[in-house]
Amino acid sequence: MASLKPIRRLVAGYNAQGRSRVVIDGPAPNAHPSSMSAGRGHTDLWVWNDSPMPLSGTSDDSLLKYRFPGEPRGGHLRVVQSVGR
Numbered sequence: 005m006a007s008l009k010p011i012r013r014l015v016a017g018y019n020a021q022g023r024s025r026v027v028i029d030g031p032a033p034n035a036h037p038s039s040m041s042a043g044r045g046h047t048d049l050w051v052w053n054d055s056p057m058p059l060s061g062t063s064d065d066s067l068l069k070y071r072f073p074g075e076p077r078g079g080h081l082r083v084v085q086s087v088g089r
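According to the numbering used here, the residues represented by the sequence shown are 5 to 89, in order.
As structure tokens, then:
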């Protein structure tokens, strides 16, 4: 059976001179494989607890504690994967 496919995540930001740069480039760290079936699950690419979301942070906000449902003014940018038939 297939395992959950890793998803590449690229996060851009700005350097001290105001020029764009890559801050994070690699597999999204918050993958949650299904315990019931191989090849199924979801990956959180970004999580926020309030809206509007601040964009000047230095932390990796995909690493916030998993909560379902999330905060009333928050959300998850999530990719759900399942196996084909």
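Backbone N, C-alpha and C define an ideal beta-carbon position, used for all residues, glycine too.
Taken atom to atom, the span from the alpha-carbon of Gly-78 to that of Ala-35 is near 19 Å.
Trp-50 sits close to Ser-66, with the two beta carbons spaced by under 7 Å. If only complete runs of 3 or more residues are kept, the segment 17-48 shows the beta strand (DSSP E) at 24-31, 34-37, in order along the chain. Here Ala-32 is near Arg-13, since their CB atoms are less than 7 Å apart.
Its chain contains Ser-7, Leu-8, Arg-44, Gly-45 as the residues whose beta carbon lies nearer than 8 Å to that of Pro-37, once the 5 sequence neighbours on both sides are disregarded; these appear in chain order.
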